[in-house]
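Take the sequence shown: its letter number 225 is residue 1375 in our numbering, and every next letter is one higher.
Think of the CB as a built atom: it goes at the ideal place given N, C-alpha and C, for glycine as much as any other residue.
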Amino acid sequence: MSGEKEKVASRFRSSIDTLKQEGVLPAMKTILIGPAAFEALKRLPSVEPMLSSSIAFSGLTELELLFAQCNDIYGHLPLLYRTSVDHRLREALELGTRGGESTLALLHAARRIDGRVTSVDLHRSGSVHDRVDEAGLASYWTFIQSDDLGLAWDRSIDHLFVDTSHAYDHTIRELQKYEPLVRHGGVISMHDTTSQPDVWRAIQDYFHARDDVSIFRYFHNNGLAQVLKH
């Protein structure tokens, strides 16, 4: 209990300092959300203005509109798209679909290079299927409702995208199952390497003795790691 009391006391001390320097409203925000969260809130307009103000977009393509919709992965969608297109990664396997943002980015790339995306998820989302249909991308897509570790899969993979449980053991087992099927010159993209440290730890442990891969890490928007197989 003493620890909780100290947290409350620290928050009030910070709010008093904020009151003296910035006024009543910022001080109230400091009390309500805490000094660390308030400092993050103040940085928001300069870090990502699209989250704090209304920016008018006109004349954007369907793909650009996908890239401009703020969500937990949108900052990485152009990279997923360009990776598939630039490296001609025609066979993409997506583990975890959720809202369908990464699905659509990969499907737009598939249409560009005459490729195909197979998505695997425990749950079938009607809204994701609707988005794929509305974008005219259904002919490039196969959805499989399954546990990815229990799925019978032996096909070669060009681009493997992983965004599932984020649990260390599960992530290791996913890499053990699917990484050997990613061809030389292929890419493994893994989301949430910043916000879910166990994902990054699994990547480090799995590839630590490998000299046939290059790993690139992006820290923004929950984090993304890309593993290029030589």
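query	result
DSSP three-state label for HIS1334, please.	strand
Could you give the first and the last residue of the continuous alpha helix (DSSP H) run that contains GLU1251?	1251 to 1263
Could you compute how far the alpha carbon of ILE1294 sits from the alpha carbon of ASP1271?	7 Å
Name the residue from GLY1286, HIS1237 and ASP1236 whose alpha carbon lies nearest to the alpha carbon of THR1253.	GLY1286
Helix, strand or coil, according to DSSP, for HIS1309 in the structure here?	strand
For GLU1284, tell me which candidate among ASP1319, TYR1231, HIS1309 and GLU1212 has the shortest Cα-Cα distance.	GLU1212
Among residues of its own chain, excluding the 5 on either side of HIS1334, which ones have a beta-carbon nearer than 7 Å to its beta-carbon?	LYS1379 and HIS1380
Quick one: Cα of LEU1256 to Cα of ASP1355, how far?	27 Å
Look at the Cβ atom of SER1339, then the Cβ atom of ASN1372, and state whether they are nearer than 7 Å.	no
State whether the stretch 1229 to 1244 contacts the stretch 1264 to 1279, with contact taken as three or more CB pairs (one from each stretch) at a distance under 8 Å.	yes
GLU1189 by DSSP, collapsed to three states: which one?	helix
Verify whether the separation of the beta carbon atoms of ALA1302 and THR1343 is less than 7 Å.	no
Assuming ILE1307 contacts TYR1290 (C-beta within less than 8 Å), just tell me the rounded distance between them.	In fact, because the Cβ distance is near 16 Å, the residues do not count as touching under 8 Å.
Could you give the DSSP three-state label for THR1268: helix, strand or coil?	strand
So, under 8 Å CB-CB, VAL1235 and ALA1259 are touching, yes? Tell me the CB distance rounded to an integer number of Å.	5 Å
Assuming the contact rule is C-beta atoms closer than 8 Å, LEU1331 and ARG1305 should be a hit. Round their C-beta distance to whole Å, please.	7 Å
Given a threshold of 16 other Cβ atoms within 10 Å of its Cβ, counted over all protein chains shown, does MET1151 qualify as buried or as exposed?	Because the pLDDT of MET1151 is 46, which lies under 50, any placement of that residue in the model is unreliable, and the number read from its coordinates should be weighed accordingly. That one is exposed.
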